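Chemist: Reading the sequence shown from the start, the letters are residues 80 to 319 in this note's numbering.
Glycine residues also receive a C-beta, built at the ideal position from the N, C-alpha and C atoms.
Predicted, not measured: the structure shown is a model, and the values here were computed from it.
Quick one: structure below, then a few questions.
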Amino acid sequence: MTRGLFITFEGIDGAGKSTHIARVADLCRARGRVVVLTREPGGTPLSEKLRDMVLHEPMDALTEALLMFAARREHLVQVIEPALARGEVVLCDRFTDATFAYQGGGRGFDWQTLGQLERMVQNLVSLGHGSGHGFSPYPCDAVGSDLALATQEPPLRQPDLTVWFDLDPTISAQRLATARVPDKFESQPVAFFAAVRAAYARRQAQTPGRFARIDAAQSMSVVGEDVVRVLTDWLQAQPA
Ligand code: TMP
Numbered sequence: 080m081t082r083g084l085f086i087t088f089e090g091i092d093g094a095g096k097s098t099h100i101a102r103v104a105d106l107c108r109a110r111g112r113v114v115v116l117t118r119e120p121g122g123t124p125l126s127e128k129l130r131d132m133v134l135h136e137p138m139d140a141l142t143e144a145l146l147m148f149a150a151r152r153e154h155l156v157q158v159i160e161p162a163l164a165r166g167e168v169v170l171c172d173r174f175t176d177a178t179f180a181y182q183g184g185g186r187g188f189d190w191q192t193l194g195q196l197e198r199m200v201q202n203l204v205s206l207g208h209g210s211g212h213g214f215s216p217y218p219c220d221a222v223g224s225d226l227a228l229a230t231q232e233p234p235l236r237q238p239d240l241t242v243w244f245d246l247d248p249t250i251s252a253q254r255l256a257t258a259r260v261p262d263k264f265e266s267q268p269v270a271f272f273a274a275v276r277a278a279y280a281r282r283q284a285q286t287p288g289r290f291a292r293i294d295a296a297q298s299m300s301v302v303g304e305d306v307v308r309v310l311t312d313w314l315q316a317q318p319a
């Protein structure tokens with residue numbers, strides 16, 4: 080069976096990524112792939128309710144981070160993992176890099192704690208892969224042979240490719256000024272988005288092979304051409 084592919088799209092608000100996702104879907108379908116288009120926070124009825132809360136209610140930074148990961152866990156279990164198991168292509172508008180960028184960079188929330196939540200929520204064993212062990216993210220829960228498993232870095236669900244629409248926040252601020260009524264994040268100042276952008280760059284530096292950076296300051300049509308070129312090359316390079 081064809082291997083499932085997990086592709087995520089990231090960038091600060093106003094970077095224009097959502098416009099290009101439909102084109103990527105067409106590219107994948109033209110290659111005979113079944114495509115699931117989804118987004119975070121959201122993607123399931125429960126995760127969409129959580130989205131509504133985190134985007135509109137003021138809340139503590141840890142509460143915000145936990146709700147992002149709670150929505151993600153549900154999304155992984157209900158939508159992403161089943162689609163990948165069926166060999167489909169999952170195109171997801173934002174994923175965990177957004178939590179590191181917005182909650183970590185923008186809000187200044189502790190990076191290591193976010194890493195712990197990432198390991199808990201995206202642990203492949205807990206998502207039904209591997210040896211059939213139950214959900215045991217903490218070494219202290221482990222007994223006997225589980226100990227070796229639990230003390231190693233757990234294998235995580237991560238995107239196969241992350242397309243990062245990188246943009247100077249002063250440009251995105253100009254674009255957002257004419258956009259719809261802003262949500263809680265979109266109404267943040269330029270300095271917030273500068274920190275979000277820097278955190279995306281930090282994530283890219285940690286796993287450069289997973290990222291394709293697109294210069295989102297270019298015109299919409301040139302950005303679209305870049306996206307198509309990157310995706311065509313990347314899809315071509317994937318094993319059947
Ligand atoms: P969207 O408008 O691109 O759908 O994204 C929703 C907002 O949620 C956007 O401002 C970024 C923010 N967000 C976070 O703060 N943390 C996250 O983990 C995710 C997925 C999104």
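Near Ser-97, what residues of its chain come up, given a Cβ to Cβ distance below 7 Å and the 5 sequence neighbours on each side ignored?
Modeler: By one-based count along the sequence shown, residue 97 stands at place 18. Cβ neighbours of Ser-97 beyond the five flanking positions: Asp-172.
Chemist: On the three-state DSSP scale, how would you describe Arg-259?
Modeler: Taking the sequence shown and counting its residues from 1, one reaches residue 259 at position 180. Coil.
Chemist: Per DSSP, what kind of secondary structure is Gly-211 in: helix, strand or coil?
Modeler: By 1-based counting over the sequence shown, the position of residue 211 is 132. Low confidence applies here, because Gly-211 scores a pLDDT of 48, under 50, leaving its location unreliable and the question unanswered by this model.
Chemist: Could you tell me the alpha carbon to alpha carbon distance between Leu-310 and Val-103, rounded to whole angstroms?
Modeler: For the purposes of this step, residue 310 is taken as the residue at position 231 of the sequence shown. For the purposes of this step, residue 103 is taken as the residue at position 24 of the sequence shown. Straight-line Cα distance between these residues: approximately 7 Å.
Chemist: Rounded to the nearest angstrom, how far is the Cβ of Arg-292 from that of Gln-283, given a contact under 8 Å?
Modeler: Within the sequence shown, the letter at position 213 stands for residue 292. Within the sequence shown, the letter at position 204 stands for residue 283. About 7 Å; that satisfies the 8 Å criterion.
Chemist: For Gly-184, I'd like the list of residues in its chain whose CB is within less than 8 Å of its CB, leaving aside the five on either flank, ordered along the chain.
Modeler: Your numbering for residue 184 matches position 105 in the sequence shown. So the list reads Ala-274, Val-275, Arg-276, Ala-277, Ala-278, Tyr-279, Arg-281, once near-sequence residues are dropped.
Chemist: Which residue's Cα is closest to the Cα of Arg-108: Leu-170, Leu-145, Met-138?
Modeler: Indexing the sequence shown from 1 puts residue 108 at position 29. Closest option to Arg-108, judged by alpha-carbon separation, among Leu-170, Leu-145, Met-138: Leu-170.
Chemist: Hey, could you find the ends of the alpha helix (DSSP H) Glu-197 is sitting in?
Modeler: Translated into the one-based positions of the sequence shown, residue 197 becomes position 118. Element bounds for Glu-197: 190-200.
Chemist: Check whether the Cβ of Ser-126 sits closer than 8 Å to any heavy atom of the ligand TMP, and report yes or no.
Modeler: Taking the first residue of the sequence shown as 1, we reach residue 126 at position 47. No, the beta carbon of Ser-126 sits no closer than 8 Å to any heavy atom of the ligand TMP.
Chemist: Please report the Cβ distance between Val-242 and Ile-91, rounded to the nearest whole angstrom; I am assuming they are in contact, meaning their Cβ atoms lie under 8 Å.
Modeler: Within the sequence shown, residue 242 is the residue found at index 163, counting from 1. Within the sequence shown, residue 91 is the residue found at index 12, counting from 1. No, Val-242 and Ile-91 are not in contact; Cβ-Cβ is about 14 Å, not under 8 Å.
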